[in-house]
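For the sequence shown, the residue numbers in this note's numbering are 1 to 477.
What follows is a short report on a single structure.
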Amino acid sequence: MSETIDTDICVIGAGSGGLSVAAGASQMGARTVLVERGAMGGDCLNYGCVPSKSLIAAAHAAQTIRTADAFGIKTAEPEIDRSGVRDHVRSVIAAIEPNDSQARFEGLGVRVIRESARFTGPAEIAAGEARIRAKYFVVATGSSPLVPPIPGLDETPHYTNETIFDLAEPIEHLVVIGGGPIGLELAQAHRRLGARVTVLEAATLMGKDDPEAAAIVLRRLAAEGVDLREGAKVTGSAKSADGVSVTIEKQDGGAETIAGSHLLVAVGRTPNIADLDLNVAGIEHDRRGITVDAHLKTTNRRVFAIGDVAGSPQFTHIAGYHAGLVIRQALFKLFWTKTDERIVPWVTYTDPELAQVGMREADAVEKLGQGKFTILRWSFEENDRAQAERETHGFVKLILDRKSRVVGATLVGARAGELLLPWALAVQERMKISKMAGVIAPYPTLSEASKRAAGSAFTEALFSERTRKIVRFLLRF
Ligand SMILES: Cc1cc2nc3c(=O)[nH]c(=O)nc-3n(C[C@H](O)[C@H](O)[C@H](O)COP(=O)(O)OP(=O)(O)OC[C@H]3O[C@@H](n4cnc5c(N)ncnc54)[C@H](O)[C@@H]3O)c2cc1C
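See below:
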């Protein structure tokens with residue numbers, strides 16, 4: 001039987017962004033309805049961050065066994081039980097699932113409706129039998145794997161992030177189309193779990209990252225045996241007796257066919273907007289997603305769009321950040337609150353990890369101008385903890401503006417993602433580098449590399465002839 005619900009906030013999509021809005025809004029006193037058509041938790045919990053990081057952890061365990069020789073520990077090649085790995089991934093999801101569950105949200109006072117939502121007017125949606133009218137709608141419907149129009153791909157068995165984590169069979173040779181963060185994280189993980197892996201990238205591998213940092217990651221992947229092909233445009237694919245065959249056009253114009261047992265497509269994301277009937281509500285959109293302004297408002301003044309469906313950058317923490325901005329506006333009427341793309345951090349969870357916040361070197365050249373910024377660096381080779389752990393590849397690279405404020409940081413190395421937070425704060429607060437140089441870093445930690453990079457801003461002045469003269473003068477008294 002149809003029901004009409006009047007509410008303050010109606011959130012469409014129970015993924016990273018939608019859940020944060022719903023939990024916050026309801027606990028702050030707003031009547032909140034949450035509509036979800038699939039699994040609670042969205043991509044991050046079910047097909048994205050959580051399974052991928054769990055798989056990476058399993059792969060890391062295997063690699064630790066392989067590389068233990070360096071520590072004087074004799075080991076054999078680890079035996080990989082793919083169904084055991086699959087069960088590990090599933091059990092991590094199961095452990096986190098209660099946080100995102102319908103029961104938890106209903107306990108917080110949210111009305112949860114498990115249906116597909118679509119707009120029926122500028123201030124109303126339909127979700128199954130229900131009609132929901134709200135003061136504000138928040139579209140948080142996320143994105144799906146983009147499957148490109150490669151001739152033959154429809155008939156070629158292939159995996160995406162929505163299916164690959166369910167694989168429990170041994171993988172002989174995984175061919176990955178796409179050399180971005182998702183493709184490379186999964187490529188390295190599968191390689192470490194015993195598969196041959198070939199990555200095909202039409203443009204540049206890790207093309208959005210600092211090239212110097214990306215080179216360190218790519219060198220490690222190649223050393224571990226991942227076959228990395230840059231400038232390799234996939235022109236066709238087919239099912240074969242042994243699995244799949246993929247044809248590429250190479251940079252020199254030649255063609256090559258690569259045979260694999262499994263094919264993973266990881267070329268990008270497409271926004272989940274097709275079923276929303278956005279036009280009925282006057283909400284503009286294009287192939288990148290819903291058009292929003294800096295306040296995350298759509299062209300319909302009572303509708304916000306957040307997270308992946310609002311375009312890039314597409315990360316769980318950005319969906320969460322967006323959720324906070326929407327709550328401030330919808331509940332507290334702080335309509336001047338807006339997004340600040342300057343402060344967006346991201347991490348690629350390969351080993352070594354690549355972590356970035358603020359400007360990359362190329363951004364600094366473009367935005368500040370050549371010669372108008374300073375670069376500071378410290379290598380993990382100069383870090384005692386990294387030496388002890390035999391994880392010396394990588395560096396901390398900082399970008400300072402002319403007032404010695406931190407405007408960007410690129411870290412590549414073991415656990416670089418864990419080292420990023422102080423730099424995210426520094427960029428956000430436009431902190432002067434002297435603050436980080438003055439901090440006491442516990443010894444021996446990888447964090448010391450950050451402090452030493454910061455301290456290097458003062459090395460030249462500190463150990464200059466002028467300083468020596470001053471010191472010699474003062475020591476006379
Ligand atoms: C393999 C992989 C690894 C990743 N790793 C990371 C990582 O390490 N760190 C990171 O920050 N990000 C990572 N991401 C990105 C991250 O998963 C997304 O940025 C994040 O999930 C986006 O959150 P969201 O709320 O916008 O959308 P989602 O979490 O995708 O949620 C959208 C929800 O809306 C629902 N929905 C869609 N349409 C409708 C409709 N019409 N009616 C009702 N419900 C609907 C969907 O079913 C879904 O549950 C990864 C992504 C992938 C694919």
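C-beta: ideal position from N, C-alpha, C; glycine also.
Since the structure is predicted, the reported quantities are computational estimates derived from the model, not experimental observations.
Short CB-CB distance (under 8 Å) between residue i and chain C
i, result
"G358", "Any reference to chain C falls outside this structure, which holds one protein chain only."
Pick from the options that is closest to residue i, judged by C-alpha positions
i, options, result
"E448", "T204, T459, A457 and M436", "M436"
"V199", "H317, R192, L193 and A187", "A187"
"K432", "A61, V412 and K403", "K403"
"F71", "R390, D401 and R415", "R390"
"F105", "L19, A59, I65 and H88", "L19"
"R118", "I306, C10, L325 and D210", "C10"
"G307", "T299, R37 and V292", "V292"
"A202", "E185, V427, L193 and K233", "K233"
"T247", "G438, T350 and L153", "L153"
"G13", "G369, T4 and A39", "A39"
"S16", "N46, T445, V33 and G109", "N46"
"I273", "V21, L205 and H285", "H285"
"R133", "V139, A140 and E124", "E124"
"R287", "A310, L419 and D227", "A310"
"D401", "A386, D363 and R415", "D363"
"G225", "D209, S237 and R192", "R192"
"V33", "G194, G109 and E382", "G109"
"A130", "E465, R111, V396 and F335", "R111"
"A25", "A127, G324, I375 and S450", "G324"
Distance, residue j Cα to residue i Cα
i, j, result
"F137", "I258", "47 Å"
"L398", "S434", "13 Å"
"G254", "G231", "11 Å"
"C49", "K250", "32 Å"
"I56", "G42", "20 Å"
"L278", "R31", "23 Å"
"Q102", "D384", "47 Å"
"G358", "A76", "43 Å"
"T467", "A457", "15 Å"
"K269", "S143", "Per the sequence presented here, residue 269 reads as Arg, with Lys not at that position. Cα-Cα distance, rounded: 6 Å."
"T316", "G29", "25 Å"
"R430", "R342", "10 Å"
"S261", "Q63", "22 Å"
"I73", "I65", "9 Å"
"T7", "R86", "41 Å"
"P145", "L263", "14 Å"
"V139", "K338", "17 Å"
"F380", "T350", "17 Å"
"T4", "P122", "15 Å"
"E361", "A453", "16 Å"
Residue environment, residue i, which counts as buried when at least 16 other CB atoms sit within 10 Å
i, result
"F477", "exposed"
"V176", "buried"
"G491", "There is no way to answer for residue 491, as the model of the chain reaches only from 1 to 477."
"I93", "buried"
"P345", "buried"
"A95", "exposed"
"N99", "exposed"
"K372", "exposed"
"E172", "exposed"
"P422", "buried"
"Q314", "buried"
"E67", "Correcting the residue type first, residue 67 is Thr in the shown sequence and not Glu. Burial call: exposed."
"P271", "buried"
"F463", "exposed"
"A388", "exposed"
"I440", "exposed"
"G394", "buried"
"A305", "buried"
"G438", "exposed"
Residue i beta carbon near ligand 2 (any heavy atom closer than 7 Å)
i, result
"N161", "In the structure shown, ligand 2 is absent; the only ligands present are ligand 1."
Given 8 Å as the limit, is there contact between the segment 338–357 and the segment 79–86, that is, 3 or more CB pairs closer than that? no
Segment contact, 8 Å Cβ cut-off, at least three pairs: the segment 149–168 with the segment 328–336: no
Within the chosen definition, does the segment 205–219 reach the segment 233–247 through at least 3 CB pairs nearer than 8 Å? no
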